[in-house]
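In what follows, a single structure is set out as structure tokens and then discussed.
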Amino acid sequence: MFEKVNLLLFCVFIAHFRHSSSTSDGSGGWASFPNEMIAQPGDCTIERIEIEELNQDEFLSKYAFAKPVVIRRTNDKKLKQFKELLAKDNLLNQFGDHQIRVSTANTYSYKKLDVTMRQYLEQMKPQTLDMLGNETYYWLR
Numbered sequence: 010m011f012e013k014v015n016l017l018l019f020c021v022f023i024a025h026f027r028h029s030s031s032t033s034d035g036s037g038g039w040a041s042f043p044n045e046m047i048a049q050p051g052d053c054t055i056e057r058i059e060i061e062e063l064n065q066d067e068f069l070s071k072y073a074f075a076k077p078v079v080i081r082r083t084n085d086k087k088l089k090q091f092k093e094l095l096a097k098d099n100l101l102n103q104f105g106d107h108q109i110r111v112s113t114a115n116t117y118s119y120k121k122l123d124v125t126m127r128q129y130l131e132q133m134k135p136q137t138l139d140m141l142g143n144e145t146y147y148w149l150r
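Just so we're aligned: the sequence shown equals residues 10 to 150 in the working numbering.
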């Protein structure tokens, strides 16, 4: 039954960390399915700024209540370590045998499955427009 279940991990998680890891292609072991993307990547108009170039006063006056900004930390050892922890192989090695509960929408959903983290991560694939919401299982913690 689990093989037929379409699983989804939050896009933000994968999108943010897919370029980081110890794998040679920089994917962190996470697969992309460009032909199944609902929204295609393109130019992002949200301003990006390095954290070293931003002070608190500028953030509060220019961004906090006015417009979005992506704050990056490019030369941060802790961020690099955090991204390596989220590489798929690392998650599988450390947590692959742990039981988790997945559900179709939220913690109050009727459909729930108990699976291992390995089953969940290995069965993940993107949501498509023809998939019903109750066929997609999320890990909500």
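Note that CB positions come from ideal geometry on N, CA and C, so glycine has one too. Being a predicted model, the structure only gives us computed values, none of them experimental.
Around the Cβ of Q128, a 10 Å sphere holds 16 or more other Cβ atoms; the residue is buried.
Taking the C-beta atoms as reference points, G37 is found no nearer than 8 Å to K89. When rounded, the separation of the alpha-carbon atoms in N84 and G142 is 40 Å. Close CB contacts of K121 within its chain, under the 6 Å cut and outside five residues either way in sequence, are with R110 and S112 (chain order). With contacts defined by Cβ atoms closer than 8 Å, T145 and Q136 form a contacting pair. For the options L94, W39 and I47, the alpha carbon positioned closest to that of D139 is the one of I47.
If the five residues before and after V79 are omitted, its C-beta is found closer than 6 Å to the C-beta atoms of I55 and R57, all from its own chain and listed in chain order.
In the structure shown, S112 falls within a strand segment according to DSSP collapsed to helix, strand and coil.
Assignment of beta-bridge partners to L122 by DSSP yields V111. A residue is called buried once 16 or more other Cβ atoms fall within 10 Å of its Cβ, and L149, having fewer, is exposed.
Taking each of D66, P77 and L63 in turn and checking the Cα distance to C53, the smallest one comes out for P77.
Here DSSP, grouped into helix, strand and coil, assigns R81 to strand.
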